[in-house]
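Written below as structure tokens is the structure these notes are about.
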Amino acid sequence: MASSSHPQRSEKDNSLHEKALKAFPSSDLTEDDLIQNPQFCKLLAKLSTHVDSTGLTESLRKELEKAEEELQAETKKWMRPMIIHQLLEEMVQEYIVGKHRSTAMPGNDKFYTTLEQRLLAAKCDVQLGLSEGPSSVLEISADHLNRVMPSEQDIQDMEERLPKELEKHLKRKAFSILTYIQPESEKDSDGLKLEKFNHLPELLKEEIDRIEHLREENAEMAFRLTRETHSYLNDLLEHMKLLQTLLLENRLKVQTKLDRKKLEYLEAKCQLGVQKIRVEMLDIQLDTYTASKISTHKQIREHLETELTATQKEKQAAESKLASYEMFGQEFKDLAEEYARLQVEIEAKKLAIDSLTKLEVK
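Counting from 1, one number per residue, gives the positions in the sequence shown under the UniProt record's numbering.
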């Protein structure tokens, strides 16, 4: 159902909006923005044929890719010695830790001690700049370092052994990475592990591509969800407005019916009160004019009893009618009862006055 908050749009307009939003997903544009600015929407749709989602043209994108490749090559070239130096330091640290834990292989002290001293000397040379001359702060020169260096024979033995030890260390790290990514390969042979590790970059590249593809699909689904949610909310708003109008109209109709019912209830209450008062008056008259009185009183009593019977029937009819209006509460009932009580008192006093007047006349 199309939203009525916007005029009806053609399929061409919808296609332009979708094309512009898909072409620039990183922008904060919404479909409402494009609807309110149709010329801007057309401009974005035309630009989408010349630039990619990042806003780059084809030529600029190729130049950027070439620059990134060159930067990556220079980065690898710069990082290679840094990584080797870090691996050598890791080898020394692992040997020191293993020595304290009594897990280090015996007979390796001279090799790792020589390696540690060479690394320390190289670090001092770089940080103090001894190749350019003695340090002006500590007054240390390259000769001072040469004095504390191991013998040439120890250095030569260490350098001959270093490639094999470095290869072992790299192999352990490679196997550790492999078992972290593929825990099931932990029990494989070293040859199979090396083969799997050689294919690991391809697997990781495939995994990265898969994740990127899923990310693009997720962005597409998010775009569709946003659009559908926007349309749904507009429809929901219109439905709520319509429902509010219907509720208001229905409430007015129901209120009129309730007012009419309440009026009928109050009328029945009044009639019941009047009937109760008449019954009380007849009861008083019956109590006053008993059968032991004169024949006139007997006739009056018969007449009153007849009226009482008729009045009671009217009372029952009024009570039956009143029962259908009990839903309107106790307040008016209490008021009617109080009114009836006052009327009874008034009539009783009138009868008393009439009786006294008759006695005085006799």
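In this text, a Cβ means the ideal position worked out from N, Cα and C, and glycines have one as well. A quick note: this is a predicted structure, and the numbers were derived from the prediction, not measured.
Go ahead and label residue i buried or exposed: buried means 16 or more other beta carbons lie within 10 angstroms of its beta carbon, across all protein chains shown.
i	result
G273	buried
R147	exposed
R95	Note that residue 95 corresponds to Tyr in the displayed sequence, not to Arg. Y95 comes out buried.
M91	buried
Q285	buried
Q8	In this prediction, Q8 scores a pLDDT of 46, lower than 50, which makes its location untrustworthy; no coordinate-derived value is stated.
Y232	exposed
M240	exposed
A268	buried
R251	exposed
M158	buried
K123	exposed
K193	buried
E217	exposed
Could you give the C-beta distance for residue i and residue j, rounded to a whole number, given that I count them as a contact under 8 angstroms?
i	j	result
L214	L166	That belief does not hold up - the Cβ atoms of L214 and L166 are roughly 38 angstroms apart, past 8 angstroms.
Q300	V344	It should be noted that the sequence gives Ile, not Gln, for residue 300. Rounded, the Cβ-Cβ distance is 20 angstroms, inconsistent with contact.
F197	A174	5 angstroms
V279	T311	6 angstroms
D154	T114	5 angstroms
E347	M281	5 angstroms
F111	R80	The Cβ separation is near 23 angstroms, so there is no contact.
L56	L64	7 angstroms
L47	C41	Not a contact, Cβ separation roughly 11 angstroms.
L119	E89	6 angstroms
M82	A121	With 8 angstroms as the limit, M82 and A121 do not qualify as a contact, their Cβ atoms being about 18 angstroms apart.
Using CA atoms only, rank isn't needed, just tell me which of the options is closest to residue i.
i	options	result
H303	K171, D283 and E202	D283
I181	I211, P201 and K358	P201
E189	L204, K205, L203 and R172	Note on identity: in this sequence residue 189 is Ser, with Glu being the wrong assignment. Considering only alpha carbons, the answer is R172.
K333	L247, H100 and Y265	Y265
**Report entry** Three CB pairs or more closer than 8 angstroms across the segment 301-319 and the segment 264-273
**Finding:** Enough Cβ pairs lie closer than 8 angstroms, so yes.
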